[in-house]
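> Below is a structure I'd like to ask you about.
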Amino acid sequence: MSAEFVKKALVIGGGIAGIQAALDIADGGYQVILVERSPSIGGHMIQYAEVFPTLDCPQCIMTPKMVEIAQHPNVTLMTHAEVRSVSGTAGNFEVEIVQKARKVDHKKCNGCGTCWQKCPEKVPSEYNEGMAKRTAVYIPFPQAVPAKPVIDQPHCRYIRYRQFMAEKRAGKKPPECRICEKLCPVGAIDWEQPDEIVREKVGAIVLATGFDLMPFSRIPEYAEDPDVLNGIQFERLLSPGGPTAGAVIRPSDGKTPKEVVFVACCGSRDPERGVSYCSRVCCMYLAKQALLYKHAVPDGQAYVFYIDTRSTGKGYEEFIQRAVGEGVLYLRGKVSRIFREGDKLRVYGADTLSGKRVEIAADLVVLGMAIVPSDGAGELFRKLGVSADEAGFVTERHPKFHPLETKVPGIFVAGMAQGPKDIPDAVAQGSGAAGRVLAFFAQGAPSEKQAVPV
Amino acid sequence: MTKREERIGIFVCHCGLNIAGTVDVQKVVEEIRKYPGVAHAEHYMYMCSDPGQELMRKAIREKGLTAVVNANCSPSLHEKTFRRVCSSAGLNPYRCEIANIREQCSWPHAHDKEAATRKAIAIIKTTVERLRLNMMLTPLVIPLTKRALVIGGGIAGIQAALDIADGGYEVALVEKSPVLGGHVMELSATFPTLESPRDFLLPRIKEVISHPNIHVYLDSEVQEVAGYVGSFAVKIRQNGEVSEEEVGAIVTAPGFDLLPREKLPVYPDDPDIVDSLQFERTLAGKVARPSDGRVPRDVVFIQCAGSRDPEHGMPYCSRVCCMYTAKQVLLYRKAVPDGQAYVCYMDMRSDAKGFEEFAQQVMSHDGVLYIRGNPSRVFRDGDKLKIWAADTLSGKNLEISADMVVLALAMVPRAGTRELARKLNISVDQHGFLTEAHIKLRPVESLTSGIFLAGTAQWPRDIPDTIASASAAASKVLSLFSRKELLHEPTTAHVDEEVCSGCGVCVSVCTFKAISIDEKWKVAVVNPALCEGCGSCAATCPSKAMQHRNWSHRQLFAMIDVAGGGGV
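These protein sequence lines map, in sequence, to chains H and F. Under this note's numbering, the letters of the first sequence match residues 1 to 454, in that order. Under this note's numbering, the letters of the second sequence match residues 455 to 1022, in that order.
If you want it as structure tokens, here you go:
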């Protein structure tokens, strides 16, 4: 092969797997571009209240890594950016990355926070899963990296005003706000800033695109109700930095919930309504959430509906036993219906061990929704020519013996992009994919064995 | 020591509103400016940002600062950043210290702004007192041998060795047995493709043997390990002969054993009761009853044999048994089309890609019955084995007559792992599995720098997870070897030999084996390359002969004095 061997890597996705992969490649002495589509790195992990089984605070253990990314001389961090196209082969890929317009000049911005404190437009916060508001010019959360804002264009009053005027639409004009621009002490607001295309050459790519939760709507038997939450929403409710500063309340009326039902396998292991596979992490995080709920509301009752408890990691089995020991009631069975009845949510379930029907009047229900590939990941995989399974997770070069490589030479995979897994496994895969990239870059030419399937 | 004229600069960070929302940073600066020795104080929105760093540099140069206190977040986040800034401004980096006024002040005291402001001032004052007595230090330079040792020639060790060797460095691979391949070589087929693992493994083993960067020691054991990251001296015993290896990093992958059957009295010693690895060999050859060679018509597979069983076996789940049992059931039914398989299980744990679908397929297969409940008794009754089980779903008791019983015995660390861990000075948990540096975020590192973990010696796991952990360990080694030299923090312990009585308390508390007693002079000696600066020895030394650089007793007392007088 005569093409130049570019010893520079692209990591797509700034969650824990991508962060780890980028840091390890950078520490190995090679340049890395880390592309994250949201305005900050951190991924889902940064949203959690505490992580099992040690109950560490993820903000505390993760922010040092995020800061390291921002300061590492070998890492180019591109947030609010997306990979648009990829061509070429292992050792010499050409990628086009769209740096979406932030409308804030990050070279001028000093992150003072005036704009996001004064912006009058309030938008549901993605970080808080819609349970709190952010402003239209915003950083997603206080520990964001970079700690400089972007303007959310569809929600910005002035941008809407400009569009309205440009299209010469009829009807009521949106206000011509521009408060951020007027108050910015360094003149960093830049309404004319366009989307920018950045072209880069890289030799290897690591896919770490992460996951989403399956939407509620897939299970019509479970009511859509303010007091029915998914796992990540409940994490925000438990988090000291969350919308309630860690107070566990019923979103509908702010009262302390005394009966809380946790339902595992919502959409998982359910090929008819959801997905056929197990989402691997729900048993453990629901046990943790039930335990944290018991700590927050000691006289409250927590129920967990499950099919099989799956506690296979280090200290996990013991952790479930701890939850049981602290009064969490485990019921082996599925929940057939959840609906509102006055002040309460009715939960119909079964206890397959006693063979009885169970009915609970609950204040709050937490659904362990199935893990699905991150929105838009499928489209990205298609652009890269990377094959995915029926569920949309990346197919490995070999499911047993080449778990970190895709079928495309030079493209590797880590974390939930490959399938549901917990944090240590995602971190190990991040490091593992980095190891494969480092071994690849040490070869004389890309045509040697790492690039070509055996 | 003559007192130098200190000109200390104080830089207070707002951290957006994280600090400034609670602590009155303006007041902090005004107060601290009056403190003896403070020549400069200012506050800024984000001191870690480029403009913040530039403002520090400018102040250090223009005001001729001799030392710096950064009042901001935890030192784990930005100590390095600010020490680097000091270096670039011509100041010794160990003349910079962090006063943590976020995690230790503004966050926990958000409800009381006035008290938080007072506490922030007190924290800065104590840091100033400490800083006055700080020594100017330079990092230790440790030689780096760019050659690795991999312990264990199973699938984990093979993957780690190949990745490191492909990365361009030499590897010594030590395997206890006469062959490479480990337990994976014993398997009949692997899920889900049902192909023989040999098809994959044999070419990999050939690659290892012929790799110019890999030296394989078979029939060998690690006898002794001395030294530290960058330069370990390892003695390897092979057929009674001892070779020595100099390596810079070690990957530990000794693998697993099955729990010895004798630990589980419920299963009698009977030729037709076999463990799952024995049954893999049965499946690879002719499916026959060991006692008389007849084809077994009824086979009972018992999962959680010693797993999730704190009374007789191990309290944890062995993670892989549900899936390999399902695979064995399928292969058995293929081999014996009219056979009947029973599986006693507690919870089905089919939690990775394709697992659930595979398990469901096996559970609904003809001639396969899954029973949720573990047997209470297994005994011989003439030609048959009798199994008493409970089906917890129907609440009924069952008696099964079987020709063979297969026990999915718990996975335990390989015999000798504790001993090996002791030689390497890495820790194990109560079961003997190797302990990682941080269970979430540092899963393949041990707490001893330069020693990494891979595979099932750390915890039960399947082949892909084992390979991922091995490549991860290799990446850590490759990162380490990509450096020109190793720098070690100079903030270590040191001994005042005039005062030391050689009592050895420090030796007993040092987790890093960094201290020894000089037999001739009867004094403690610290190896600074091994010392991680934890401070245990300094805290326990009865004669205060052991001191921690830049955390001396004098410094600590100076801090306590000012904190006590600070009215916190």
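Glycine included, C-beta positions come from ideal geometry on N, C-alpha and C. Nothing here was measured: the structure is a model prediction, and the numbers come from that model.
So Ala521(F) packs on Leu585(F), CB below 8 Å; how close in whole Å?
Confirmed, about 5 Å.
> Could you check whether the Cβ of Lys807(F) sits closer than 8 Å to any Cβ belonging to chain H?
yes
> Taking 8 Å as the threshold, find out whether the stretch 857-867 of chain F comes into contact with the stretch 749-761 of chain F through three or more Cβ pairs.
yes
> Could you check which residue in Leu229(H), Val202(H), Pro140(H) has the C-alpha nearest to that of Glu4(H)?
Among Leu229(H), Val202(H), Pro140(H), the Cα nearest to that of Glu4(H) belongs to Val202(H).
> For Ala927(F), collect the residues of the same chain with a Cβ closer than 6 Å to its Cβ; drop the 5 residues on either side in sequence, then sort them by chain order.
Ala614, Val705, Val898, Phe906, Ala908
> Going by DSSP, what residue range makes up the beta strand (DSSP E) through Ser373(H)?
The sequence as given places Pro at residue 373(H); Ser does not occur at that position. 371-373 is the extent of the beta strand (DSSP E) around Pro373(H).
> At least one CB of chain H closer than 8 Å to the CB of Trp913(F): is that the case?
yes
> Can you look up Asp504(F) in the DSSP assignment and give me helix, strand or coil?
helix
> Output yes or no for whether 8 Å exceeds the beta carbon distance between Glu390(H) and Glu396(H).
no
> Taking 8 Å as the threshold (beta carbon to beta carbon), is Glu318(H) in contact with chain F?
yes
> Roughly how many angstroms separate the alpha carbons of Asp673(F) and Pro529(F), rounded to a whole number?
In this structure, the CA atom of Asp673(F) is about 47 Å from the CA atom of Pro529(F).
> If the cut-off is 9 Å on Cβ atoms, which residues from the stretch 433-444 of chain H count as contacting chain F, listed in chain order?
Ala433, Ala434, Gly435, Arg436, Val437, Leu438, Ala439, Phe440, Phe441, Ala442, Gln443
> Is there at least one Cβ from chain H nearer than 8 Å to Gly470(F)'s Cβ?
Taking Cβ atoms only, chain H reaches closer than 8 Å to Gly470(F), which makes this a yes.
> Excluding the five sequence neighbours on either side, which residues of its own chain have a C-beta within less than 8 Å of the C-beta of Glu318(H), listed in chain order?
Pro53
> Using a Cβ-based criterion (distance less than 7 Å to any ligand heavy atom), does Pro829(F) qualify as near the ligand HEM?
The ligand HEM is absent from the structure shown, which contains no ligands of any kind.
> Report the residue ranges of all alpha helix (DSSP H) runs contained in full by the stretch 490-563 of chain F; include only those spanning at least 4 residues, in chain order.
504-516, 529-542
> Taking DSSP as the reference, what is the three-state secondary structure of His295(H)?
helix
> Taking the alpha-carbon of Arg236(H) as reference, which of Pro39(H), Leu34(H), Gln47(H) has the nearest alpha-carbon?
Checking every option, the nearest Cα to that of Arg236(H) belongs to Gln47(H).
> Exposed or buried, Phe412(H), counting other C-beta atoms within 10 Å across all chains shown (16 or more means buried)?
Phe412(H) should be labelled buried.
> Roughly how many angstroms lie between the CA atoms of Ile249(H) and Gly410(H), to the nearest whole one?
48 Å
> Is the beta carbon of Val466(F) closer than 8 Å to that of Val483(F)?
Between Val483(F) and Val466(F), the C-beta gap is smaller than 8 Å, which places the two residues in contact.
> Identify, in the order they occur along the chain, each residue of the same chain with its Cβ nearer than 6 Å to the Cβ of Val1016(F), setting aside the five sequence neighbours on each side.
Lys579, Thr580, Glu583
> Would you verify that the beta carbon of Arg601(F) is, or is not, closer than 8 Å to some beta carbon of chain H?
no
> If you draw a straight line from the alpha carbon of Ala680(F) to that of Phe966(F), how long is it in whole angstroms?
The C-alpha of Phe966(F) is placed about 12 Å away from the C-alpha of Ala680(F).
> Per DSSP, Leu895(F) forms a beta bridge with which residues?
Paired residues: none, contrary to the question.
> Whole angstroms is fine: what's the gap from Ala388(H)'s alpha carbon to Gly210(H)'s?
14 Å
> If the criterion is Cβ atoms closer than 8 Å, does the pair Gly15(H) and Ala208(H) meet it?
yes
> Run through DSSP, which three-state label would Val98(H) get?
strand
> Give the secondary structure of Cys467(F) by DSSP, where H, G and I count as helix, E and B as strand, and everything else as coil.
Strand, per DSSP.
> Just tell me which of Arg487(F), Val720(F), Glu508(F), Ala844(F) has its CA closest to the CA of Glu765(F).
Val720(F)
> Span of the beta strand (DSSP E) holding Glu396(H)?
396-398
> Is Thr79(H) near Ile33(H), with beta carbons less than 8 Å apart?
The answer is no: Cβ separation not under 8 Å.
> Residues bridged to Trp842(F) by DSSP?
Arg831(F), Glu853(F)
> State the start and end residues of the unbroken beta strand (DSSP E) segment that holds Met800(F).
Following the DSSP letters along the chain, one finds Met800(F) in no beta strand (DSSP E), marked with neither H nor E.
> Around the Cβ of Ser664(F), are there at least 16 other Cβ atoms within 10 angstroms (buried) or fewer (exposed)?
exposed
> Name the residues in the stretch 922-938 of chain F whose C-beta lies less than 9 Å from a C-beta of chain H; which are they?
Ala922, Ser923, Ala924, Ser925, Ala926, Ala927, Ala928, Ser929, Lys930, Val931, Leu932, Ser933, Leu934, Phe935, Ser936, Arg937
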